[in-house]
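Enquirer: In my numbering, the protein residues as written are 4 to 166. Before I ask anything, let me first share the structure, which is written out below as structure tokens.
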DNA sequence: GCCAACGTTGGC
DNA sequence: GCCAACGTTGGC
């Protein structure tokens, strides 16, 4: 079996709802509640075991990439869509043909130095990131290998030390 | 907390 | 299948 090339993603989360602290505490977490078809397609079809995930804090300052996770397992139906008690319950989703998917991700590391949105915006190497594209609100986004490497380099840089 | 930019829904 | 109304996202 030919090894599939590792791919990279950015997952947004509002830290008020679910932060990197929660992620570190939980270890492995199903990424539930994605109710956008574009993101659903990625979760169902593209995001695979072993892929890298940048954990991004949105909405609440400081907005930044704050950690790294790894995808464990394949895309599977998001169970919360069938639970009438759940926040993300979707009465129109047919269990025979689920509408929404999730993947599980595992906490790997916290970036010693979070890479802020401001920093991404100002870095010439990161201008193509969907994160800084005007009007782009996708909460699950593809990240290129070069962008991944660059973000990690910035995030792991010792505080106070020049690049 | 505001609101612009999106995405989805549903009447027609 | 159009599109107005509504809901959500997420930077500011």
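Glycine residues also receive a C-beta, built at the ideal position from the N, C-alpha and C atoms. Treat the numbers as computed from the prediction; the structure is a model and nothing was measured.
Give the range of the alpha helix (DSSP H) segment to which residue 41 is assigned.
Expert: Note, residue 41: alpha helix (DSSP H), 40-44.
Enquirer: Check whether the segment 83-91 and the segment 24-32 are in contact - that is, three or more C-beta pairs closer than 8 angstroms.
Expert: Counting Cβ pairs under 8 angstroms, fewer than three are found: no touch.
Enquirer: Inspect the beta-carbon positions of residue 75 and residue 108 and report whether they are closer than 8 angstroms.
Expert: Closer than 8 angstroms, so yes.
Enquirer: Buried or exposed: residue 139, going by 16 or more other Cβ atoms within 10 Å of its Cβ?
Expert: By the 10 Å Cβ count, residue 139 comes out exposed.
Enquirer: Beta carbon of residue 112, beta carbon of residue 69: below 8 angstroms?
Expert: Their beta carbons are not under 8 angstroms apart, which means residue 112 does not touch residue 69 by this criterion.
Enquirer: Between residue 90 and residue 36, is the Cβ-Cβ spacing less than 8 angstroms?
Expert: In this structure, residue 36 lies closer than 8 angstroms to residue 90 by Cβ.
Enquirer: Once DSSP output is grouped into helix, strand and coil, what is the label at residue 154?
Expert: The answer is helix: DSSP assigns residue 154 an H, G or I state.
Enquirer: Taking the beta carbon of residue 81 as the centre, do at least 16 other beta carbons fall within 10 Å, making it buried, or is it exposed?
Expert: Result: buried.
Enquirer: Touch check for the segment 128-135 and the segment 35-52: three-plus C-beta pairs under 8 angstroms?
Expert: Output reads no: the segment 35-52 does not touch the segment 128-135.
Enquirer: What residues are listed by DSSP as bridge partners for residue 97?
Expert: DSSP output for residue 97 lists 100 as bridge partner(s).
Enquirer: Looking at the structure shown, is residue 13 part of a helix, part of a strand, or coil, going by DSSP?
Expert: Strand at residue 13.
Enquirer: Could you check which residue in 19, 46, 158 has the C-alpha nearest to that of residue 119?
Expert: Closest option to residue 119, Cα to Cα, is 158.
Enquirer: Residue 87 bridges to which residues according to DSSP?
Expert: Beta-bridge pairing links residue 87 to no other residue.
Enquirer: Could you tell me the alpha carbon to alpha carbon distance between residue 16 and residue 22, rounded to whole angstroms?
Expert: So the two alpha carbons sit approximately 7 angstroms from each other.
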